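*Asks:*
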Amino acid sequence: MRKKTLTVLSGLMCLVLVATLLGACTSTAEEPGTKAPLKIGMSTPSTGVAAEKGAPMGHANVDCIKYVNDELGGVDGHEIEALWLDNGYDASKAVTIVNRFVDEDCLLFTVASSGMMTAMMGIANENELSGFAAFSSPNLTQPPQHIYGQTPDYGDDWAAFAKYYLDNIWKGPGKPKMALHLLDNSTGAGARMAAEAGAEDMGIELRDKWIFEHPATTSSETTSLTTLPDDIDVLYISSTPAPTAIVIKSAVELGMYPGMTIACGHAGFTSALVELAGADIVEGVYGVYPTVGWDDDVPAMAKMTEYCQKYHPDDYGNMDYIISWAQSLITVEILRLAVENAGADNLTPQVVEAQGLKKLKNFDVGGLHGPVSYTSGDNRLSKSVRVFRIDDGVLEPITGWVESPFISYE
Amino acid sequence: MDLPAGTRNYTYAQDMAIFRTKTHWTLLIGLLVVLCTAPLWWGNWLSVANLIGITIIAATGLNILTGYCGQLSIGHAGFMAVGAYTSAILTERLGLPFPVGLISAGVAAGLVGMIFGMPSLRVKGFYLAIATIAAQFIIIWVIKHWTDVTGGHMGMSVSAPALGGLVLKSNASQFYLIGSIAVLSIFFAKNLARTRVGRAFVAIRDNDLAAEVMGINLFRYKLIAFFIGCFFAGIAGSLFAHWARFISDEFFPLTDSILYIGMIIIGGLGTTTGPIFGAIFIGLIKHSLTHYLVPTLESSAIALPAGFASGLAPMVFGLIIILFLILEPRGLAHRWQLFKAAYRLWPFSY
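Line by line, the protein sequences give chains A and B. Take 1 as the starting number for the first sequence in the numbering used here and just add one per residue. Take 411 as the starting number for the second sequence in the numbering used here and just add one per residue.
1) So, does the CB of residue 660 of chain B fall closer than 7 Å to a CB anywhere in chain A?
2) State the Cα-Cα distance for the pair residue 78 of chain A and residue 39 of chain A, rounded to the nearest angstrom.
3) May I ask you to report which of helix, strand or coil DSSP gives residue 156 of chain A?
4) Helix, strand or coil for residue 296 of chain A per DSSP?
5) For chain B, check one thing: does any of its Cβ atoms lie closer than 7 Å to the Cβ of residue 380 of chain A?
6) Report yes if the C-beta distance between residue 162 of chain A and residue 324 of chain A is below 7 Å; otherwise report no.
7) Residue 564 of chain B: which of A:223, A:209, A:393, A:192 sits nearest, CA to CA?
8) Work out the CA separation of residue 182 of chain A and residue 23 of chain A for me, nearest whole Å.
9) Does DSSP put residue 397 of chain A in a helix, a strand or coil?
10) So for residue 232 of chain A, helix, strand or coil by DSSP?
11) Name, please, each residue of chain A whose Cβ falls closer than 7 Å to the Cβ of residue 364 of chain B.
12) Between residue 616 of chain B and residue 476 of chain B, what straight-line distance do the alpha-carbon atoms span, to the nearest angstrom?
13) I need the straight-line Cα distance from residue 134 of chain A to residue 44 of chain A, nearest angstrom please.
14) Determine the burial state of residue 52 of chain A: buried for a count of at least 16 other Cβ atoms within 10 Å of its Cβ, exposed for fewer.
15) To which residues does DSSP link residue 84 of chain A through a beta bridge?
16) Below 9 Å between beta carbons is the criterion; list the residues of the segment 630-648 of chain B that meet it against any residue of chain A, in chain order.
17) Could you round the C-beta distance between residue 141 of chain A and residue 379 of chain A to whole angstroms and report it? I think they count as a contact, below 8 Å.
18) Kindly indicate which residue of A:107, A:113, A:81, A:105 has the alpha-carbon position closest to the one of residue 94 of chain A.
19) Identify whether residue 110 of chain A lies in helix, strand or coil by the three-state DSSP scheme.
20) Thinking just about the alpha-carbon of each residue, which of A:88, A:267, A:358 is nearest to the one in residue 238 of chain A?
21) According to DSSP, is residue 471 of chain B helix, strand or coil?
22) Alpha carbon to alpha carbon, what distance is there between residue 157 of chain A and residue 386 of chain A?
23) When you compare each of B:546, B:444, B:504 to residue 667 of chain B by their alpha carbons, which one comes out closest?
24) Using DSSP bridges, identify the partner residues of residue 388 of chain A.
25) With 16 other CB atoms within 10 Å as the buried threshold, where does residue 553 of chain B fall?
26) Would residue 32 of chain A be called buried (16 or more neighbouring beta carbons within 10 Å of its own) or exposed?
27) Counting beta carbon pairs with one atom in the segment 481-489 of chain B and one in the segment 444-456 of chain B, are three or more of them shorter than 8 Å?
28) Determine whether the Cβ of residue 700 of chain B lies closer than 7 Å to any Cβ atom of chain A.
29) Taking the DSSP output, what are the residues bridged to residue 237 of chain A?
30) To the nearest angstrom, how far is the alpha carbon of residue 107 of chain A from that of residue 675 of chain B?
31) Using Cβ-Cβ distances below 8 Å, what residues of the segment 728-746 of chain B are close to chain A?
32) Is the separation between the beta-carbon of residue 633 of chain B and that of residue 490 of chain B shorter than 7 Å?
33) Based on DSSP bridge pairs, tell me the residues matched to residue 626 of chain B.
34) Which residues in the same chain have their Cβ closer than 6 Å to the Cβ of residue 264 of chain A, if we skip the five residues on either side of it in sequence?
35) So, using beta-carbon positions, are residue 599 of chain B and residue 474 of chain B closer together than 7 Å?
36) Report buried or exposed for residue 84 of chain A, applying the criterion of at least 16 other Cβ atoms within 10 angstroms of its Cβ.
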């Protein structure tokens, strides 16, 4: 027994050592005659509490870089070396990851979630390593430093939906009553900041006691929802898909929905929401999302669909895949501009930011989302969203691109 | 304390010495050389090493509280948060120097720990665990909602630690700071266990009724244990804040508190080396999987099912912990003792 125990324990120790040493084996020497690769960092929460979003996003990042390297020959002949790491939605792990991006001289980095970018931005800003998050919140971009938002932030989502609601849905007299159900991190805080700043001016009644927070691991929100008055007109949720599904299910169980309007910010509005809650539960739910849908006929759709169905067919139909594919295309464009403006031999993170990222001007991401530009003082790269509604389990766009105004929270 | 064959102690100082033989001193010097030169050859593992160093300090504190004194705490990440925010507020908002922030962080966390340790007079075991879980939730709730001071969900930016005019920005410079404090913490814990207070802790852990009959003031010593254990957590929290340059409530989840318990169990409860082994073991597994195994599998030519590599990490992590608890419930420190015993007797193992 003792020998057996020793053997198993030795095996475990060896496993740790082997995994540790794998790093040394994975680096590859540059072949003579080939152009030096351009190294970038990518991180997604492919495991952990936000895995339903992070996993398809990580797949899209990796698939798109593979497409660019294999079919487009990289950037000006330079292969893109993407150091992709799963942060597990663990803030401590995210800090070690951004440290590694700095140590390994990555030229820029991308992150899926605002929460993990929040954890990484201290080190990134200090080292002037620019990065951008697919999903952003105001704290990342205000005051503007080296962190950018790929798409409008969660506050912009709220503003875009609130405007749409007042213009197209609200028919009653007086002000509509709005409740907020928010994830207890920057995803929820972004929406809250915008709602508290803009609700009164827009003509929406919002009270502190109608604002709820939930953790990412929530299993029921019936208790919080029962405290709402019966005449609430609209419930706005800014969270990830799993908790969003819980909140909507709880509203259905209590008979509150479909008696009121429910809308979601883009962090929770994806096909995963339909899968988790069930198509009949989320029927008629509105959502704001910054990309096109899978059925839209846009230039980048064919290649993205081909790679998705070839390498990660389970992700087909998930809009988070689209946003990360677009994220990688933007990364490639930034590198292309930097190489064009400064030369491949002169690239540093600072040069890439100044000569690549800040030179973005109306870059069309193959139609996957609104045009991407850098505007001085506004670190949101794309400013457009669309309003969707779930019909028969499908996320159908019901508006064209809606420009999100810049809201200053300072 | 068992001695290697042929080793005798002739003085009290010899008897109390931590390093007694030439082998001990050789190993110590070797370890110090490795640690001092680490920044030259550890590369991007330095940031992981810093995090492990911080974890060792926190786990050492929990080991004093749980391993030595037997007071189960599942709020250790919360106490770290108290330290992190105390240090961040003092240095960033009030402009006080880092050493003041560091010490204040320990004191603040220690005092908060004492408050949540008060129920320990009446309850113990799982009931005390529930009380300390409450600490975790209450502390994080306060951080989330006291937005004017803590920044709420938006968190707080924290600058690099500075000693006098020396700003420790790089991972290498912070490695020496964190490493030094970790060594001091371990040294303190080692000596504490051999003092009157340490022996009182052990007596309380082994049988609190008997300890009380012997004249040990249970309430006093339990509160001391909470203060010391949480003081260490506060110091670790302060170092963490200045290492990560940013803090928010998300850095201190309940899962971390549970993981700290796991670390001291895997390392060996009630031993000085236990928290070191546990923190290194868990840290290496976690970061090896994150940084190397999963990306390697994801990019490998082997046709793995979608998401398999990412899903593998938590599975392997959980499996290793379960196997350890089944096969070596007394922890790595016990295995280390067996190894040392075998080494001393070799080649005559029986």
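We put the CB at the ideal spot given by N, CA and C, even for glycine. Note that this is a predicted model, so its numbers are computed, not measured.
*Replies:* If we stick to the structure as given:
1) yes
2) 10 Å
3) helix
4) coil
5) no
6) no
7) A:192
8) Here residue 23 of chain A scores only 47 on pLDDT, less than 50, and its place in the model should not be relied on; the value that follows carries that caveat. Cα to Cα, residue 23 of chain A sits roughly 39 Å from residue 182 of chain A.
9) strand
10) coil
11) Since the first residue shown for chain B is 411 and the last is 760, residue 364 of chain B is missing from the structure and cannot be characterised.
12) 12 Å
13) 10 Å
14) buried
15) A:42
16) none
17) 4 Å
18) A:113
19) strand
20) A:267
21) helix
22) 9 Å
23) B:546
24) A:287, A:397
25) buried
26) Residue placement at residue 32 of chain A is poorly supported in this model, since its pLDDT is 49, which falls under 50; the coordinates still yield a value, given next. Exposed.
27) no
28) yes
29) A:181, A:264
30) 41 Å
31) 730, 733, 734, 737, 738, 745
32) no
33) Paired residue(s): none; residue 626 of chain B is not in a bridge.
34) 237, 244, 287
35) yes
36) buried
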